[in-house]
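J.: One structure, pasted below without further comment.
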Amino acid sequence: MVGFDMDHTFVRYKLDNMYDLMHGALCHFLQDMYPKELFVGLNRDQTFEMKGQIFDTVKGHFIAVDSTGNVCSLRHGSGDRIRDTIKIHSEYPEGKWEHFNLARTFSKDIDKYVAFLSAFGIPAAFIIATVIDWIDENENSVENRKKAYRKLVHHVYDGFNHHYDPDSLVLDQGHFFPNIKRNPEKFLHKVPDTLLEFVKILQRQNKKVFLMTNSRADFTEVVCDYALGPGWRSLFDIVVCHAQKPSFFFEEKPFFQTDGILSGGNSTAFLERNEFVSREKSLILYFGDDVNGDVFAPSHFSNWHTVAILEELERPSILNLGFVEHFFNEDKKSFLFSVINQYSRYCVSSVEMIAKFVIAEANSLE
Ligand SMILES: [Mg+2]
38 MVGFDMDHTF VRYKLDNMYD LMHGALCHFL QDMYPKELFV GLNRDQTFEM KGQIFDTVKG
98 HFIAVDSTGN VCSLRHGSGD RIRDTIKIHS EYPEGKWEHF NLARTFSKDI DKYVAFLSAF
158 GIPAAFIIAT VIDWIDENEN SVENRKKAYR KLVHHVYDGF NHHYDPDSLV LDQGHFFPNI
218 KRNPEKFLHK VPDTLLEFVK ILQRQNKKVF LMTNSRADFT EVVCDYALGP GWRSLFDIVV
278 CHAQKPSFFF EEKPFFQTDG ILSGGNSTAF LERNEFVSRE KSLILYFGDD VNGDVFAPSH
338 FSNWHTVAIL EELERPSILN LGFVEHFFNE DKKSFLFSVI NQYSRYCVSS VEMIAKFVIA
398 EANSLE
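Just so we're aligned, residue 38 is where the sequence shown starts under the working numbering, counting upward by one.
Set out below in C-alpha cells:
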C-alpha cells in the first residue's frame, strides 16, 4: 500500500500566500493581548520560516540543537543568531538543552518548548520573536519576563485553536478556512498530472493507494475539489480524514464512515479492516511533511516506511537564509536531520520528485 498525507504533500499550497494568511490571522488575534502597534505593518521574516527550530519557552530563545541535545545556535527574540560557544554555554550549562529528552520523543509541553515541525505553525515563530522583544523592553525582572514568555506561548496556541478550529469552516468564521474556501486558487496549487500518473502506475502494480489527512472531511473536500477536481475520490482506494496523527499510530480510536470517507481510526484497525487486508499488508509506504505525525510516529509505532517531504529544500530564499547550516549543521547533524535520517527511507522536496522517477522507470519498461 502507498499512502499520502494531503496538506503540503499530495496537495501543495502557494506557501507565500498561505504564510501571509496565517501571519495576518495570528497578528489579528494577538492584538487583543498586546499593543496593536506591534503588529501594524509587520511583515513576515523568512529567517524564521524553517522547520526544525525549537523555541525555548523558559528563556525566550530560538535554538537549533544537534542529535544529542547540544545547542548549536541560539537567537533571542528577533536578535542575531549566536553560534559562539562561550555565549551558548553561559545560557546552557555545558551547552546542553535540558529538555532534549522530551523533544526527541515529541512530547508536547509548551511551558518548556515549542518545536516547529510542520508548515502550520511556522509563521508563528517570527511573531513570537517580535513579542519577545516587546516583553524584554517592558518587563524589568527576570521572573516577570519568564512568566510573560510562557503566557505568550499560551496566547499563540489560543490563536491556533481559534483559527484552525475545524468548525470555523462550517460556521464561516476565523481567517483561515473561510479564506481558503472562498479563494482556493490563491492558496492552493492544482495537483500536477505527474502525480495522477504516479497513482495510476501504483494501482496498475496492484498497490492500494490511500490519502490520509488530519484535515476534516469538509476541508478535505474543499482542498481536493479544487486541487484535483470534483471526481477526486475515485483516484484513491481509501480516504481517511481527521486521522489525528500522530496519535493515530499509538491510540485505539475507532473509525467512523460517512459518505464513503473514513474519519478517525488507528493504524491497527486500518490494517484489520477486511477490505484493506492484502498480501502486502505489512508493507506500507507513506509520504508526508510533518516530522512527527508523518515520519517519526508511523515509522516508530507502526513500522510503516516513510518518505519525508521537506519543501524547504526547494525554496532558495530559505536555503540561503541559514537553513542548510541549521539542517545539516556542518559536522554536527541537527536534531531534525537525525529524525528524518532515522525514520524515513527518503527525504525529498516534493512527491513529484519520486513520481517523475517512477514514471521514467515505468516508461523504460514498456
Ligand atoms: Mg501535511
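Think of the CB as a built atom: it goes at the ideal place given N, C-alpha and C, for glycine as much as any other residue.
Take MET390 as the anchor and find which of ASP230, MET59, ALA166 has the nearest alpha-carbon.
T.: Here residue 390 corresponds to residue number 353 of the sequence shown, with the count starting at 1. Comparing Cα-Cα distances from MET390 to each of ASP230, MET59, ALA166, the minimum goes to ASP230.
J.: Give the single residue among PRO221, ALA397, ASP202 whose Cα lies nearest to the Cα of ARG49.
T.: For this step, residue 49 is matched to residue 12 along the sequence shown. Checking every option, the nearest Cα to that of ARG49 belongs to PRO221.
J.: Would you say the beta carbon of SER155 comes nearer than 7 Å to a heavy atom of ligand 1?
T.: Walking along the sequence shown from the start, residue 155 turns up at place 118. Checking every heavy atom of ligand 1 against the Cβ of SER155, one is found closer than 7 Å.
J.: Applying the 10 Å Cβ sphere with the 16-neighbour rule, what's the burial state of ALA162?
T.: Along the sequence shown, one-based indexing puts residue 162 at 125. It is buried - the Cβ of ALA162 has at least 16 other Cβ atoms within 10 Å.
J.: Does DSSP put ALA185 in a helix, a strand or coil?
T.: Here residue 185 refers to the residue found at position 148 of the sequence shown. Of the three classes helix, strand and coil, the one that applies to ALA185 here is helix, per DSSP.
J.: Mind checking whether the beta-carbon of THR343 lies closer than 7 Å to any heavy atom of ligand 1?
T.: Indexing the sequence shown from 1 puts residue 343 at position 306. Not under cutoff, so the answer is no.
J.: I'd like the ranges of any beta strand (DSSP E) spanning at least 3 consecutive residues and lying wholly in the region 78 to 164.
T.: Taking only runs of at least 3 residues, the beta strand (DSSP E) segments lying wholly in the region 78 to 164 are 91 to 93, 98 to 102, 108 to 113, 150 to 152.
J.: Can you confirm whether the region 184 to 192 touches the region 115 to 134 when touching is taken to mean that 3 or more C-beta pairs between the two stretches lie within less than 8 Å?
T.: Taking 8 Å as the limit for Cβ pairs, the verdict is that the region 184 to 192 does not touch the region 115 to 134.
J.: Would the beta-carbon of PRO267 fall within 8 Å of that of ALA334?
T.: Here residue 267 refers to the residue found at position 230 when the sequence shown is read from its first residue. Here residue 334 refers to the residue found at position 297 when the sequence shown is read from its first residue. Not closer than 8 Å, so no.
J.: Taking the alpha-carbon of TYR380 as reference, which of ASP327, VAL276, ASN400, VAL388 has the nearest alpha-carbon?
T.: Mapped onto the sequence shown, residue 380 falls at position 343. Cα-wise, what sits closest to TYR380 is ASP327.
J.: By Cβ distance, which residues of its chain are closer than 6 Å to SER404, with the 5 residues on each side in sequence left out?
T.: Because the chain here runs from 38 to 403, residue 404 falls outside it and cannot be looked at.
J.: Taking the C-alpha atoms as reference points, what is the distance between PHE213 and LEU350?
T.: Translated into the one-based positions of the sequence shown, residue 213 becomes position 176. Translated into the one-based positions of the sequence shown, residue 350 becomes position 313. About 26 Å.
J.: Taking DSSP as the reference, what is the three-state secondary structure of GLY268?
T.: For the purposes of this step, residue 268 is taken as the residue at position 231 of the sequence shown. Three-state result, GLY268: coil.
J.: Just to confirm before moving on: does the CB-CB distance between ARG310 and HIS279 stay below 8 Å?
T.: Working through the sequence shown from its first residue, we reach residue 310 at position 273. Working through the sequence shown from its first residue, we reach residue 279 at position 242. Against a cut-off of 8 Å, the Cβ pair of HIS279 and ARG310 comes out as no contact.
J.: Is the region 56 to 67 in contact with the region 152 to 162, if contact means three or more CB pairs nearer than 8 Å?
T.: These segments touch.
J.: Is HIS45 close to ligand 1? I mean its beta-carbon at under 7 Å from any heavy atom of the ligand.
T.: Taking the sequence shown and counting its residues from 1, the one referred to as residue 45 is at position 8. Yes, the beta carbon of HIS45 sits closer than 7 Å to at least one heavy atom of ligand 1.
J.: Compute the Euclidean distance between the alpha carbons of ALA101 and LYS223, then round it to the nearest angstrom.
T.: Start at 1 with the first residue of the sequence shown, and residue 101 comes out as number 64. Start at 1 with the first residue of the sequence shown, and residue 223 comes out as number 186. Distance between the alpha carbons of ALA101 and LYS223 is about 33 Å.
J.: Between ILE165 and VAL190, what straight-line distance do the alpha-carbon atoms span, to the nearest angstrom?
T.: The residue you call residue 165 lines up with position 128 of the sequence shown. The residue you call residue 190 lines up with position 153 of the sequence shown. Cα-Cα distance, rounded: 8 Å.
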